[in-house]
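Each residue of the sequence shown is one higher than the last, beginning at 157 in our numbering. Just so you know, even glycine gets a beta-carbon here, dropped at the ideal spot from N, CA and C.
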Amino acid sequence: MENNGTEFVRRADARLFLSILAAGLLSFTGVVIETAMNVTFPTLMEEFSVGTSTVQWLTTGYLLVLATVIPTSSYLKQRFPLKKLFVAGNLLFLTGTVLDGLAGNFPLLLLGRLLQGAGTGIGLPLMFNLVLEQAPLDKIGTMMGAAMLVCALAPAVGPSLGGYIIGHFGWRMIFAALVPGLLFSLVVGIYAIRQSSPWGPRPFDGFGLGCLAVALPCLLLLCSYGTVLPVPGLVGLAGLMVLALGIFVRQETRLRKSGSTPLLNLQVFRVPAFDGAVLGLLLVQFLCLGVGFLLPNYAQIVLKADPFSAGCILLPGCLVGASLAPVSGRLYDRLGARKPLLAGSCAIILSFLLYQLALGKVGIPGLTAIYVVFTLGQGLSAGNILTYAMENLPESIQPDGNAVCNTLQQLAGAVGTSVCAALVAAGQAGRDLAAGTGQGTVNAFHLLLILALCQGACMMWALHVRSSSFHFDPLQ
């Protein structure tokens with residue numbers, strides 16, 4: 157076993173900053189293209205002659221691969237050198253980007269997106285691992301804030317950048333524009349990334365990963381095509397999903413009890429406050445990806461906006477959300493969990509109440525203003541919910557809780573996109589495209605309002621059942 161990282165000295169030197177920059181660029185690119193793709197959907201639907209429920213798989217499939225790869229991040233970090241992991245993630249993403257830029261049909265375009273999802277699934281956890289393992293202890297908070305800012309700024313850039321490029325150069329140029337940044341990231345990472353922890357052969361729960369790889373696509377297929385599949389198909393998919401999840405839970409429990417390393421430590425779900433917080437976090441992610449899909453498409457198809465204007469609907473709100481990233485953490489430290497978390501939930505609920513009144517009556521400026529209200533709530537909620545969830549776990553299993561949260565967040569985003577796309581597609585059936593899209597969007601926002609109310613209820617419950625009164629033995 158290699159052990160070249162055991163004597164690593166934490167230091168804030170140029171190589172540390174360059175290594176975080178390299179991993180951050182890869183992560184930033186992954187989130188940018190994820191959000192930029194939403195603006196391209198109407199164009200791609202026309203060019204490749206596909207419907208709403210099909211084109212949304214460019215986002216859903218990406219998030220599905222991301223949700224499948226992220227649970228392996230702990231194993232990969234212990235099994236392979238950090239530099240090799242980074243190079244593998246970067247090359248996977250670069251290959252997918254080139255394939256997408258040259259794709260002559262929809263299946264090739266989707267394949268490229270899946271490769272990008274695998275690359276981001278490796279690169280995103282690596283960025284945070286570099287900070288946690290290599291930054292000086294007195295600078296971890298600052299550098300983690302900078303890393304979180306990378307993820308927060310990317311959604312602001314993606315839709316407007318995608319809309320501008322489509323309007324002036326065509327959708328393929330979105331992928332071409334990413335290549336120079338990826339190559340720069342690759343060169344810098346090869347030079348700067350250092351090994352800070354031991355690595356070598358480790359047991360891997362391949363069977364558990366296989367169960368997830370069966371269950372998650374079944375869930376997304378049910379969400380995407382549940383309104384059009386015949387009853388036997390629905391029952392078959394649901395049964396296969398339940399069976400795969402049941403086997404997965406049994407496998408992870410067996411490995412934990414035998415002293416082996418499970419893919420995900422499901423013991424974290426024995427803490428009620430963690431459960432409530434995670435459910436609230438997943439609903440925020442569902443709402444975020446759902447709105448990010450609905451608004452740009454509604455603006456282009458119903459309001460007849462150009463792609464750039466449609467993408468800019470999300471820009472002010474995303475900038476507000478990014479600016480709140482460092483501030484909301486300070487509010488949490490000063491005021492405790494209750495006030496910022498409940499204020500965030502209230503702002504989210506208010507935004508969806510306003511959307512019920514606004515759709516069909518206001519234009520792009522009004523939709524943009526309401527989205528700012530939503531991102532205010534999201535900015536107060538997302539990071540602080542994760543902090544609260546981790547605080548309620550024993551320190552020994554906090555890394556497991558973090559892996560569970562990251563995995564479920566990506567899955568929730570994929571489900572949010574799938575469900576909203578399915579509702580829009582159902583509204584379009586038998587109607588004019590613009591009228592059907594408008595009706596489907598209204599129906600989707602009705603559902604999002606209900607889920608926003610559920611999110612607020614989850615946070616109230618999680619705050620009520622703090623784990624300070626819950627006696628937990630992680631060895632049981």
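- Counting only residues of its own chain and dropping the five nearest sequence neighbours on each side, residue 241 has a CB closer than 8 angstroms to the CB of 232, 233, 278 and 282.
- Beyond the five residues adjoining it in sequence on each side, residue 341 comes within less than 7 angstroms, by CB distance, of 178, 181, 182 and 246 in the same chain, given in chain order.
- For residue 566, same chain residues with a beta-carbon under 7 angstroms away, outside a window of 5 residues either side, are 219, 222, 223 and 226 in chain order.
- For the 8 angstroms CB-CB criterion, residue 544 and residue 497 form a contact.
- Distance from residue 451 to residue 536 at the Cβ level is roughly 21 angstroms; contact not present, criterion being Cβ atoms closer than 8 angstroms.
- Look at residue 213 here: in three-state DSSP terms it is helix.
- When DSSP assignments are scanned along the region 225-309, the uninterrupted stretches of alpha helix (DSSP H) that are 4 or more residues long and fall wholly within it turn out to be 229-235, 238-258 and 262-290.
- In the three-state scheme derived from DSSP, where H, G and I count as helix and E and B as strand, residue 355 is classed as strand.
- In the DSSP assignment, residue 204 falls within the unbroken alpha helix (DSSP H) covering 170-204.
- Of the residues 585, 573, 621 and 616, the one whose Cα lies closest to the Cα of residue 193 is 573.
- Cβ-Cβ distances below 6 angstroms link residue 389 to nothing in the same chain once the five nearest sequence neighbours on each side are left out.
- Between the alpha carbons of residue 317 and residue 186 lies a distance of about 14 angstroms.
- The closest CA to that of residue 583, considering only 610, 454, 607 and 402, is found on 454.
- Relative to residue 350, the option among 562, 586 and 173 whose CA is nearest is 173.
- One thing to note: residue 370 has its Cβ within 8 angstroms of the Cβ of residue 396.
- The C-beta of residue 595 has 16 or more other C-beta atoms within 10 Å across all chains shown, which makes the residue buried.
- Contact holds between the region 425-436 and the region 604-621, because three or more Cβ pairs, one in each stretch, are under 8 angstroms apart.
- Short of 7 angstroms from the beta carbon of residue 198, and not among the five residues preceding or following it, lie these beta carbons of its own chain, in chain order: 453, 456 and 457.
- If the five residues before and after residue 609 are omitted, its C-beta is found closer than 8 angstroms to the C-beta atoms of 505, all from its own chain and listed in chain order.
- It is roughly 33 angstroms from the alpha-carbon of residue 463 to the alpha-carbon of residue 561.
- If you draw a 10 Å sphere on the C-beta of residue 540, you find 16 or more other C-beta atoms in it, and that means buried.
- Cβ-Cβ distances below 6 angstroms link residue 393 to 374, 377 and 378 in the same chain, with the five nearest sequence neighbours on each side left out; the list follows chain order.
- Around the beta carbon of residue 202, fewer than 16 other beta carbons lie within 10 angstroms, which makes this residue exposed.
- Residue 418 places its beta carbon less than 8 angstroms from that of residue 361.
- In chain order, 451, 452, 455, 520, 523, 524 and 527 place their CB closer than 7 angstroms to the CB of residue 469, counting only its own chain and leaving out the 5 sequence neighbours on each side.
- The C-beta separation of residue 275 from residue 236 comes to about 15 angstroms, leaving the pair out of contact by the 8 angstroms criterion.
- Shown here, residue 380 sits in a helix according to DSSP, grouped into three states.
- Straight across, the Cα-Cα distance linking residue 324 with residue 495 is about 45 angstroms.
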